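Line by line, the protein sequences are chains A and B. Using the numbering used here, read the first sequence as starting at 7 and increasing by one per residue. Using the numbering used here, read the second sequence as starting at 28 and increasing by one per residue. For each residue, glycine too, the CB sits at the ideal point set by N, CA and C. Predicted, not measured: the structure shown is a model, and the values here were computed from it.
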Amino acid sequence: MNNSLTILVVEDEKLLLEAIKKKLSFLNISCISASSVAEAKQFIDTTSSPPDAIWLDFLLGDGSGLDVLEYVKSHPVMSTVPIFVVSNSGSDDKITQMLALGAARYMVKAEHRIEDIINIVKEFIEVEKEGLTNA
Amino acid sequence: MMTLKTKITSWVALLIFMVGSGTVLAVYFATQHTQRNFIDTLTTVISEERAETISNHLDQTKSVVEHVAVDPEVISLLNASGSAEIDSHYQHIKSKQILERYSVRDTYSSIYIMNLEGLTLASTDTTFEGNNYGFRSYFLQALSGRITTSVAIGTTSREAGFYTSVPVRNSQLQIIGVAVIKETPSIIFRYFKNRNIDNVTFYLVNHQGVVIFSSAPKSIYKTFGILTSQDQNEIIQDRSFPNVSFVSLGYPEIKQAIIETDFSSIIEIDSQINRKDYFSIHQVDDFNFFVVIQRHGSELSMLNSQQALIITSGVIAAILLTVILLPLILSQIFKPISSLRKFAHEISKGNLHQTITLHTNSEFDELAESFNRMAKALYETRKNIEAEIKERTIDLKKYQLAVENTSDQIVITDTNGIILYANHAAEVITGYTKNEIIGQKAGAPHLWGGQMDKGFYQKMWATIKVEKQTFQGELKNRHKSGDLYYADVSITPILNENNDVVLFVALERDITKAKNVDRMKTEFISLASHQLRTPLSAIKWFLEMLLGGDTGELTSEQKEIITNIDTSNERMIDLVNSLLNISRIESGRIIIDPKPTNIRELLDGVVSELQPKLTEKEQKLIISSHNELPTISIDDKLIRNAFMNLLTNAIKYSPNGSEIIVLLSQNKTDIVVQVADEGLGIPQQDQDKIFDKFFRAKNVISKETEGNGLGLYLVKAIIESSQGKIWFESIENQGTSFFFTLPLSGSVAKTGEVTLDT
């Protein structure tokens, strides 16, 4: 396992965020957490090293995952970071919109185990890396 | 209008007139004929008899003169006449004496003897003696040996007479003189006079057509026809009619008949206009005289007109009697009819209680009885009808009240949609008063209509007016206040026996409230489900870590308990997902987004996803597909969900090691999918409820705790919203086959807000 993975998790539900953080730590994945759109934006603006992936909830207290997605995609450094929307809601046109704006995947929380989500993220990153290596 | 009485009287009078006229004519002609025959016969007989009488008379005279001619004294007188003693007085006296012996009739005016020169030698009338009558034709005829009788006016006596002459012969049979008897015609007169008959004129005519004697004295010495020049010469030579200037009586036909000696028939001559004279001619036997009888036409016509008058009077009298008496008789006959008419009139006025009784001893009595029965039957019928009308009126009022006061809006329109009736609910629902509604076009934009797109209204009119089917739908209307409201509408065309639309009945129910409640319910479920998902996700993820051993090894007991919690949590997640999907589909907010889809590939995807479950139960899934299934335009997410549900059920409710078969085929219009299992089957009594929301068959509840009764409900909703149909065949404990179709023409796209969670 690649232990150098870092994931930014944007989730406003404390218990869920705790579960995610806990699981990621068990898996030895670095986790940067943000519980609101503002926190996420702040991190994006201030960080010097972009994370390997962003775990993004859709409904956030002070906005929606869409705001974060748009912010990331317009960011010069962060724009290439794959974003995984993990939500319990979101209407179809919004999902379509997210995917159109460059979200890597859209997943429903209750339908997935955390490990499954992380595996999807990992697989995605590895495939990308291989692609880059091959290129 | 003529009364029957007048009509019958007129007809009978006319009939009598015609029959009478016919009779008059028949009698007229028959009488005329008979009379004519009778008179013809009479005339003929008379003329014949006259002729015979005259003939007999003249015959006698002839035989007398014949005796004179053979008298020896006469012969000797004539023999001696050539000698000198011709004038001997003795002889003269003697001769006279001899001749007077022959004067047997007082009508003999003279008997005389002539010598060959025509000189009268001896005569009973002494004035004749010494005169020469040698010019007379009777003398000349006798000289040539003939015995003749002729008529002439005496040159000496100036009196007309019959001259019968006979030649006198000597012993050597040489003619030596002539014996003559002149007879006055008085005897003839007598004959005629004694037998005078009205309207009949008798004539005795000589061979020249000269009337010698007549019952009409004026006619004497006149002629029938005209004398020929030969006749005139004869008369001049004969000097038979000295100093007579002949005037014609006319009737040349008579002269002609005399010349031709043709007396066979009665001669009919039109003497004047409308008058005919009838002539009968008979020759006096052996003599050159003719009896002519003229019957004047006036006699016959007068006779006939008298008869005609009598008959005509009879006819007129009959007609008058008819005209006077028949109405009296008829009014007796028509009296019962008049009573019946009055009775019928009373009935027509509705007076059904009366009866009529006649005592005519005829069919009228039976007729009156029939009238009474009819009146009674009418009374009964009217009573029944009145009762029925009353009953129906009550019924009708009931219906009217029901229609008027029902909570649904009821509007009745003509074929053009013009409102004829609107009930009270229409006023409440639309906000318009009946006065504002009636006569207007139903659902016109200036009233409550026009809120739907054009296509909706077009389809509605096509359904009710062209297809003549009931239209059902949901529409948005505008209340008079401007508020919009939703209504369930059902419009039914009312057809007549020719299948033509005569009316439309529109039933509308304001469903705004129900719709709002429904929407709120849906929104609530949706919201609640979303909210439920968050804690469920948290439980799921924490349990995941516990079960995954992230927090250290669990004891087998702990592991069992936590696994049970996890299973329950998963069921809860499943239930929430289903509820969400249902709320989405029911809210109508679901997006249907058809794309060309290869249904086989879609099915393969679902199967591969279910493979772990199949493996777990050691079940075999066989797909049998039509070779060249076309791609069809469907919302793959929805159809995928349908496949997923049907196959999940098949796996779940079939025993381990059984077979599940999926058949993909197509007919002319659809792709047909069959999912067949060898599972529990659906009990007969549950089959009609199998697609109901939250319904689970009794046999699966007891055997399989998992399941929320929403799967098949959702599948049905999906298939139907994709314009497909779904049904099944099942035998309990043998298996179930679900069938669904998808139109080859594809599903209709629908814009909306949500999709299903998969």
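First through last residue of the alpha helix (DSSP H) which encompasses residue 531/B: Locating residue 531/B in the second sequence gives position 504, counting from the first residue. Counting along the chain, residue 531/B falls outside any alpha helix (DSSP H), though it belongs to the beta strand (DSSP E) covering 528-537.
Quick one: measure Cβ to Cβ for residue 457/B and residue 503/B, integer angstroms, because I've assumed they're closer than 8 angstroms. Counting from 1 along the second sequence, the entry for residue 457/B is found at position 430. Counting from 1 along the second sequence, the entry for residue 503/B is found at position 476. Going by Cβ atoms, the distance from residue 457/B to residue 503/B rounds to 13 angstroms, so no, they are not a contact pair.
Please state if the CB of residue 350/B and the CB of residue 36/B are separated by a distance shorter than 8 angstroms. What you label residue 36/B is simply residue 9 of the second sequence in a count that begins at 1. What you label residue 350/B is simply residue 323 of the second sequence in a count that begins at 1. Yes. Within cutoff.
Please identify, using Cβ separations under 7 angstroms, the residues of the region 108-125 of chain A that lie next to chain B, in order along the chain. 114, 115, 116, 119, 120, 121
Three or more C-beta pairs closer than 8 angstroms, one from the region 514-531 of chain B and one from the region 587-602 of chain B: is that the case here? no
So is residue 11/A in contact with chain B if we call contact Cβ pairs under 8 angstroms? The sequence position of residue 11/A within the first sequence is 5, counting from 1. Closer than 8 angstroms: no.
Alpha carbon to alpha carbon, what distance is there between residue 121/A and residue 92/A? The count along the first sequence starts at 1 and reaches residue 92/A at position 86. The count along the first sequence starts at 1 and reaches residue 121/A at position 115. Whole-angstrom Cα-Cα distance: 13 angstroms.
For residue 644/B, tell me which candidate among 766/B, 687/B, 618/B, 660/B has the shortest Cα-Cα distance. If you number the second sequence from 1, residue 644/B lands on position 617. Here the closest residue by C-alpha is 687/B.
So if I threshold CB-CB distances at 7 angstroms, which residues from the region 19-36 of chain A count as touching chain B? 19, 21, 22, 25, 28, 29, 32
Do residue 33/A and residue 76/A have their beta-carbon atoms positioned less than 8 angstroms apart in this structure? Within the first sequence, residue 76/A is the residue found at index 70, counting from 1. Within the first sequence, residue 33/A is the residue found at index 27, counting from 1. In this structure, residue 33/A does not lie closer than 8 angstroms to residue 76/A by Cβ.
C-alpha distance - residue 581/B paired with residue 716/B, whole-angstrom precision: What you label residue 581/B is simply residue 554 of the second sequence in a count that begins at 1. What you label residue 716/B is simply residue 689 of the second sequence in a count that begins at 1. For residue 581/B and residue 716/B, the distance between alpha carbons rounds to 45 angstroms.
Residue 631/B to residue 31/A, Cα distance in whole Å? Translated into the one-based positions of the second sequence, residue 631/B becomes position 604. Translated into the one-based positions of the first sequence, residue 31/A becomes position 25. Looking at the two C-alpha atoms, the distance is approximately 38 angstroms.
Who are the neighbours of residue 577/B on chain A, taking C-beta pairs under 8 angstroms? Taking the second sequence and counting its residues from 1, one reaches residue 577/B at position 550. Result: 28, 29, 32.
For residue 95/A, go through chain B and note every residue whose CB falls closer than 8 angstroms to its CB, in chain order. Position 89 of the first sequence holds residue 95/A. Residues of chain B whose Cβ lies closer than 8 angstroms to the Cβ of residue 95/A are, in chain order, 557, 560.
Residue burial classification, residue 462/B (beta-carbon count within 10 angstroms, cutoff 16): On the second sequence, position 435 is the one that residue 462/B refers to. Result: exposed.
Residue 564/B touches chain A at which residues, Cβ-Cβ below 8 angstroms? As a working note, residue 564/B is residue 537 in the second sequence. Near residue 564/B (Cβ distances below 8 angstroms), the residues of chain A are 22, 94, 115, 116.
Can you tell me the Cα-Cα spacing of residue 617/B and residue 497/B, whole angstroms? The sequence position of residue 617/B within the second sequence is 590, counting from 1. The sequence position of residue 497/B within the second sequence is 470, counting from 1. C-alpha separation (whole angstroms): 28 angstroms.
Going by DSSP, what residue range makes up the beta strand (DSSP E) through residue 61/A? The residue labelled residue 61/A in the question sits at position 55 within the first sequence. 59-62 is the extent of the beta strand (DSSP E) around residue 61/A.
Shorter than 8 angstroms from the beta carbon of residue 569/B to some beta carbon of chain A? The residue you call residue 569/B lines up with position 542 of the second sequence. True, the Cβ-Cβ gap to chain A drops below 8 angstroms.
Secondary structure of residue 17/A, DSSP reduced to three states: Stepping through the first sequence from its first residue, residue 17/A is reached at position 11. Coil at residue 17/A, not helix or strand.
Among residues of its own chain, excluding the 5 on either side of residue 578/B, which ones have a beta-carbon nearer than 8 angstroms to its beta-carbon? Walking along the second sequence from the start, residue 578/B turns up at place 551. The residues are 572.
Which residue's Cα is closest to the Cα of residue 247/B: 254/B, 389/B, 231/B, 730/B? Along the second sequence, read from residue 1 onward, the residue named residue 247/B stands at position 220. The residue among 254/B, 389/B, 231/B, 730/B with its C-alpha nearest the C-alpha of residue 247/B is 231/B.
Going by DSSP, name the residue or residues bridged to residue 754/B. In the second sequence, the residue the question calls residue 754/B occupies position 727. Residue 754/B pairs with 766/B.
Between residue 390/B and residue 44/B, what straight-line distance do the alpha-carbon atoms span, to the nearest angstrom? To locate residue 390/B, count along the second sequence from 1; it is residue 363. To locate residue 44/B, count along the second sequence from 1; it is residue 17. When rounded, the distance between both Cα atoms is 31 angstroms.
So residue 558/B packs on residue 511/B, CB below 8 angstroms; how close in whole Å? On the second sequence, position 531 is the one that residue 558/B refers to. On the second sequence, position 484 is the one that residue 511/B refers to. The pair is not a contact, with the Cβ atoms about 31 angstroms apart (cut-off 8 angstroms).
Kindly indicate which residue of 255/B, 310/B, 774/B has the alpha-carbon position closest to the one of residue 622/B. For the purposes of this step, residue 622/B is taken as residue 595 along the second sequence, with counting starting at 1. Minimum Cα distance to residue 622/B is reached at 774/B.
How big is the Cα-Cα spacing for residue 34/B and residue 343/B? Numbered from its first residue, the second sequence carries residue 34/B at position 7. Numbered from its first residue, the second sequence carries residue 343/B at position 316. Using only the alpha carbons, I get a separation of about 19 angstroms.
Suppose you measure from the CA of residue 278/B to the CA of residue 305/B; what does that come to, to the nearest Å? Against the second sequence, residue 278/B aligns to sequence position 251. Against the second sequence, residue 305/B aligns to sequence position 278. Going from the Cα of residue 278/B to the Cα of residue 305/B covers about 11 angstroms.
Here's the rule: buried if 16 or more other CB atoms are within 10 angstroms of the residue's CB, otherwise exposed. What is residue 705/B? What you label residue 705/B is simply residue 678 of the second sequence in a count that begins at 1. It is buried - the Cβ of residue 705/B has at least 16 other Cβ atoms within 10 Å.
In chain order, what residues of the same chain have a beta carbon less than 6 angstroms from the beta carbon of residue 39/B, not counting five sequence neighbours either side? The residue labelled residue 39/B in the question sits at position 12 within the second sequence. These residues qualify, in order along the chain: 349, 353.
On the three-state DSSP scale, how would you describe residue 12/A? In the first sequence, the residue the question calls residue 12/A occupies position 6. Here residue 12/A carries a strand assignment [DSSP, helix/strand/coil].
With residue 153/B as the anchor, note down where its beta strand (DSSP E) starts and where it stops. In the second sequence, counting from the first residue as 1, residue 153/B sits at position 126. Here residue 153/B belongs to no beta strand (DSSP E), and DSSP marks it neither H nor E.
Where the alpha helix (DSSP H) containing residue 739/B begins and where it ends: The sequence position of residue 739/B within the second sequence is 712, counting from 1. It spans 738-748 - the alpha helix (DSSP H) in which residue 739/B sits, taken as one unbroken run.
Return the residue from the list 72/A, 63/A, 82/A that minimises the CA-CA distance to residue 41/A. Taking the first sequence and counting its residues from 1, one reaches residue 41/A at position 35. Nearest option by C-alpha distance: 63/A.
Please confirm whether residue 656/B and residue 691/B have their CB atoms less than 8 angstroms apart. Against the second sequence, residue 656/B aligns to sequence position 629. Against the second sequence, residue 691/B aligns to sequence position 664. Taking 8 angstroms as the Cβ cut-off, residue 656/B and residue 691/B qualify as a contacting pair.
Taking CB distances under 8 angstroms as the criterion, tell me whether residue 671/B reaches chain A. In the second sequence, residue 671/B corresponds to position 644, counting from 1. No, because no Cβ of chain A sits closer than 8 angstroms to the Cβ of residue 671/B.
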